[in-house]
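Residue numbers (UniProt numbering): 1 to 139.
Cβ coordinates follow ideal geometry from the N, Cα and C atoms, glycine included.
Here it is, written out as structure tokens:
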């Protein structure tokens, strides 16, 4: 029996998941990202699932649209050796962000927060959350 379907490469899956993470952090739809790139939202879905590999020039365009360096898409990639490259101090903080945004509450909070356009209101929300966290620690 010949296996026709090729499994996606773990790096392609990781890069796709990081594209999805950043896109959702910004509250951007697959349609909007696809439109910015001149491709369909279905193609974005394939990138995010890792079924289609993202080419270098396309990844550069995506990083520009999502306002992150290209290296963002490779952070914590499978097979990456800790300490082998600079910026490892940021890896644990990026894991925390990924864990937070993977939770339903984190994603909902982030989506609502990015819709607040007034910086003063954003600061007040952060102060409120800090105060609530301090109260919880005191209990």
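So, is residue i buried or exposed, given that buried needs 16 or more other C-beta atoms within 10 angstroms?
i, result
"residue 50", "buried"
"residue 121", "exposed"
"residue 89", "The predicted model places residue 89 with a pLDDT of 47, which falls under 50 and marks its position as unreliable, so this point remains unresolved."
"residue 100", "exposed"
"residue 123", "exposed"
"residue 31", "exposed"
"residue 48", "buried"
"residue 75", "buried"
Quick one, are the C-beta atoms of residue i and residue j less than 8 angstroms apart?
i, j, result
"residue 34", "residue 115", "no"
"residue 19", "residue 62", "yes"
"residue 24", "residue 107", "yes"
"residue 15", "residue 54", "yes"
"residue 10", "residue 78", "yes"
"residue 29", "residue 65", "no"
"residue 72", "residue 111", "no"
The alpha helix (DSSP H) that contains residue i, what's its start and end?
i, result
"residue 110", "104-114"
"residue 77", "Counting along the chain, residue 77 falls outside any alpha helix (DSSP H), and DSSP gives it neither H nor E."
"residue 137", "119-138"
Taking only runs of the beta strand (DSSP E) that begin and end inside the UniProt domain "HTH cro/C1-type" (19-73), which ones reach a length of at least 3 residues, in chain order?
none
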